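Here full-length UniProt numbering is used: the sequence shown runs in plain steps of one and ends on residue 125.
By construction, the Cβ of each residue, glycine as well, lies at the ideal position given by its N, Cα and C atoms.
Predicted model, so just to flag it, every value in this text is computed and none were measured.
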Amino acid sequence: MKLNTILVVDDDENDQFICEYTIRKFDPTIKILKAHDGTEALTLLETVTPDGIILDINMPVMNGFEFLDHYASRFRVHAPVVAMLTSSHLGTDRERAMRYAFVKNYFEKPLTIKHLSQMQELLSG
Numbered sequence: 001m002k003l004n005t006i007l008v009v010d011d012d013e014n015d016q017f018i019c020e021y022t023i024r025k026f027d028p029t030i031k032i033l034k035a036h037d038g039t040e041a042l043t044l045l046e047t048v049t050p051d052g053i054i055l056d057i058n059m060p061v062m063n064g065f066e067f068l069d070h071y072a073s074r075f076r077v078h079a080p081v082v083a084m085l086t087s088s089h090l091g092t093d094r095e096r097a098m099r100y101a102f103v104k105n106y107f108e109k110p111l112t113i114k115h116l117s118q119m120q121e122l123l124s125g
């Protein structure tokens, strides 16, 4: 299986741009969906289940951890690969994120080709 659709959830326009650029460089055929906070992402996920979600932690309205709580309780089907992409170097943030069975990776910004390759490998099994 391949990454066909990725949802990028990040409030920072520059980080959104870097993610989009890196994803296009990795595979220009991947469809990129964008949300600027957890609330916007949950609304979008009512109509689509992407192959991967790249999620920031620190966002206004609904942060990444609040998103994970709602995503876990509201949806029975989860994206196969959810990856946290954050500037947080805190081990406690990593541990907290990895408690969710659907969170497969914890990456530090910026997004890289290597990160996307790791997501692809998880999806391919």
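Under 8 Å between C-beta atoms of residue i and residue j
{"i": "residue 70", "j": "residue 42", "result": "yes"}
{"i": "residue 50", "j": "residue 79", "result": "yes"}
{"i": "residue 54", "j": "residue 90", "result": "no"}
{"i": "residue 83", "j": "residue 59", "result": "no"}
{"i": "residue 81", "j": "residue 125", "result": "no"}
Rounded straight-line distance, which links the Cα of residue j to that of residue i
{"i": "residue 110", "j": "residue 76", "result": "30 Å"}
{"i": "residue 36", "j": "residue 48", "result": "16 Å"}
{"i": "residue 5", "j": "residue 31", "result": "5 Å"}
{"i": "residue 28", "j": "residue 22", "result": "9 Å"}
{"i": "residue 63", "j": "residue 25", "result": "28 Å"}
{"i": "residue 94", "j": "residue 88", "result": "9 Å"}
{"i": "residue 61", "j": "residue 122", "result": "30 Å"}
{"i": "residue 13", "j": "residue 38", "result": "15 Å"}
{"i": "residue 11", "j": "residue 105", "result": "20 Å"}
Any chain B beta carbon closer than 8 Å to residue i
{"i": "residue 14", "result": "Considering every chain present, this structure includes no chain B. It has just one protein chain."}
8 Å contact criterion, which residue i and residue j should meet: CB distance rounded
{"i": "residue 9", "j": "residue 67", "result": "7 Å"}
{"i": "residue 2", "j": "residue 16", "result": "Between residue 16 and residue 2 the Cβ distance is about 22 Å, and since that is not below 8 Å, they are no contact."}
Classification of residue i by the beta-carbon crowding that lies within 10 angstroms, buried from 16 upward
{"i": "residue 97", "result": "buried"}
{"i": "residue 57", "result": "buried"}
{"i": "residue 103", "result": "buried"}
Which complete beta strand (DSSP E) runs does the segment 95-124 hold, if anything under 3 residues is left out?
103-108
Let me know the alpha helix (DSSP H) ranges lying completely inside the segment 4-66, each 4 residues or longer, listed in chain order.
13-26, 38-45
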